[in-house]
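342 is the number that numbering that gives the first Met the number 0 gives to position 343 of the sequence shown; each next residue is one higher, with no gaps. Note that the Cβ used here is the ideal one computed from N, Cα and C, for glycine as well. What follows is a short report on a single structure.
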Amino acid sequence: MTTSEDVWRRETPHILAALVRRFGDFTAREDAVQEALFDASQQWPSAGVPDRPRGWLLRVASRRLIDAKRQDGARLERERWVFARERPDESSIAEAAVEDRDASLEVLVLCCHPSLSPDAQVTLTLRSVLDLSTEQIAALYFIPSTTAGQRISRAKTTIDGDGRHFPRPSTATERLPAMLHALYLMYTAGHSRPNGEDLFDRNVTFEAIRLARLLHAVPPDETETAGLLALMLLSEARRPGRRTQSAEQVTLRDQNRTLWNTTMISEGVSLLETALPTGPVGAYQLQAAISAVHSEAATWEETDWPQIVELYAMLARIAPSPTVTLNYAGPSARSMVRASPLRCSSRSSLTSA
0 MTTSEDVWRR ETPHILAALV RRFGDFTARE DAVQEALFDA SQQWPSAGVP
50 DRPRGWLLRV ASRRLIDAKR QDGARLERER WVFARERPDE SSIAEAAVED
100 RDASLEVLVL CCHPSLSPDA QVTLTLRSVL DLSTEQIAAL YFIPSTTAGQ
150 RISRAKTTID GDGRHFPRPS TATERLPAML HALYLMYTAG HSRPNGEDLF
200 DRNVTFEAIR LARLLHAVPP DETETAGLLA LMLLSEARRP GRRTQSAEQV
250 TLRDQNRTLW NTTMISEGVS LLETALPTGP VGAYQLQAAI SAVHSEAATW
300 EETDWPQIVE LYAMLARIAP SPTVTLNYAG PSARSMVRAS PLRCSSRSSL
350 TSA
């Protein structure tokens, strides 16, 4: 059953994108959206969800913006003139707000402003795309609510320093690395939380995967976008086996592999088989390839450790880090310098690329 909260969480990025397209100023529009959502939380439980919730929210948010402009004196009439010109009557705004395309990716682009730190980019994405509260963002990062609030405040201060506007990228791929990194951190934040009664982390990981799918579709030949989507799918596929019913963590060696989602695994491997031979191999593709080798092994003992060693060696050259070095050490020891030839399988194609 769809609740009021489900509706306004789904509609938030669309409303925000519509207001930014119309008025340009990101921060003020984000505040107006939050005020509209507060009004909805007060009215919808008793009055019911409107037939056109997106139009309702956009109308209320726009009115909030008009009210705020009254404090700006001379700018009020200009704002009213622009608003009236674009919306001749109250009913037409609902029609104008209903769009077929998904605006979430547009908001993600805005949140990945180059002046913001990666943490600030992800925090704004969680707030603007998922409409998470400060407390929910803090829970995802395992930090105090005050720290999460400070991140949001610093991000808005940075925006203020840039004139409260988020300039659009000059090219389609200008902010792609930042967007991929934001989605990677967004998925990691949701994926790293333990399963339990509070499963909001699933909403975060599913939204990260959904955004990665949208990003992969425009354009579909960006190999690192395919790599990130594959990495998320392969990781999500193994989620059911990672914890017992009592929420205790299960190591990869001891996981019940029949619980893994074979459909997601097949999709992830297929994405890699298409991406790896066609473009430069990046860190996301290599991490996904390592995950694919694990995911395709029927048992722990059948894992192709030499191939994992080779992939980690490539990853260490492209994106060296202490974590990569630590993970590299284990498979290297297991392989015992055994140099097995590449087999004609999907796992072989991952390494041969």
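{"query": "Count the other CB atoms within 10 Å of the CB of Gly281; is the residue buried (16 or more) or exposed (fewer)?", "result": "buried"}
{"query": "Measuring alpha carbon to alpha carbon, tell me which of Glu221, Arg150, Cys110 ends up nearest Pro168.", "result": "Cys110"}
{"query": "Is Arg242 helix, strand or coil when you go by DSSP?", "result": "strand"}
{"query": "Does the separation of the CB atoms of Leu227 and Leu285 fall below 8 angstroms?", "result": "no"}
{"query": "Can you give me the Cβ contacts of Arg63 inside the same chain, cut-off strictly under 6 angstroms, excluding the 5 residues immediately before and after it?", "result": "Ala31, Glu34"}
{"query": "Classify Ser320 as buried or exposed, calling it buried when 16 or more other Cβ atoms lie within 10 Å of its own Cβ.", "result": "exposed"}
{"query": "According to the Cβ coordinates, are Leu275 and Glu221 closer than 8 angstroms?", "result": "no"}
{"query": "According to the neighbour-count rule (16 or more other Cβ atoms, all chains shown, within 10 Å of its Cβ), is Gly47 buried or exposed?", "result": "exposed"}
{"query": "What are the start and end residues of the alpha helix (DSSP H) that includes Cys110?", "result": "103-110"}
{"query": "Go through its chain and collect everything with a Cβ distance to Trp299's Cβ below 6 angstroms, but skip five positions before and after it.", "result": "Arg252"}
{"query": "Per DSSP, what kind of secondary structure is Ala95 in: helix, strand or coil?", "result": "For Ala95, the predicted model reports a pLDDT of 42, less than 50, meaning its position is unreliable; a value from the coordinates is still stated below. DSSP places Ala95 in helix when its eight states are reduced to three."}
{"query": "With DSSP as the reference, please indicate the residues paired to Gln135 in a beta bridge.", "result": "According to DSSP, Gln135 bridges with nothing at all."}
{"query": "Less than 8 angstroms separating the beta-carbons of Thr124 and Ile151?", "result": "no"}
{"query": "Using DSSP with H/G/I as helix, E/B as strand and the rest coil, what is Gln120?", "result": "helix"}
{"query": "Given this structure, state the Cα-to-Cα distance separating Glu272 from Pro44, to the nearest angstrom.", "result": "48 angstroms"}
{"query": "Out of curiosity, what's the CA-to-CA distance linking Trp80 and Ser61?", "result": "For Trp80, the pLDDT reaches just 47, beneath the cut-off of 50, and the residue's location in the model is therefore unreliable, although a value from the coordinates is still provided. Straight-line Cα distance between these residues: approximately 13 angstroms."}
{"query": "Taking Cβ positions, are His190 and Ser234 nearer each other than 8 angstroms?", "result": "yes"}
{"query": "Out of Tyr283, His293, Trp304, point me to the one whose CA is closest to Met178's CA.", "result": "Tyr283"}
{"query": "Quick check: the Cα distance between Ala39 and Val6, rounded to an integer number of angstroms?", "result": "10 angstroms"}
{"query": "So what does Gln248 bridge to, in DSSP terms?", "result": "Arg242"}
{"query": "Hey, how far is the Cα of Arg238 from the Cα of Trp259?", "result": "7 angstroms"}
{"query": "Beta-carbon within less than 6 angstroms of Ser144's beta-carbon, same chain only, minus the 5 sequence neighbours each way: which residues are those?", "result": "Thr133, Glu134, Ala137"}
{"query": "Find out if the Cβ-Cβ distance for the pair Leu210, Leu107 is shorter than 8 angstroms.", "result": "yes"}
{"query": "Tell whether a beta-carbon distance below 8 angstroms holds between Arg28 and Val19.", "result": "yes"}
{"query": "If you measure between the beta carbons of Thr157 and Leu115, is that distance less than 8 angstroms?", "result": "yes"}
{"query": "Helix, strand or coil for Gln254? Go by DSSP, reduced to three states.", "result": "coil"}
{"query": "Nearest to Met263 by CA position, among Val59, Ala236, Asp50, is which residue?", "result": "Ala236"}
{"query": "Give a yes or no on whether the C-beta atoms belonging to Gly267 and Ala297 are separated by under 8 angstroms.", "result": "no"}
{"query": "From Arg51 to Val59, what distance separates their C-alpha atoms?", "result": "13 angstroms"}
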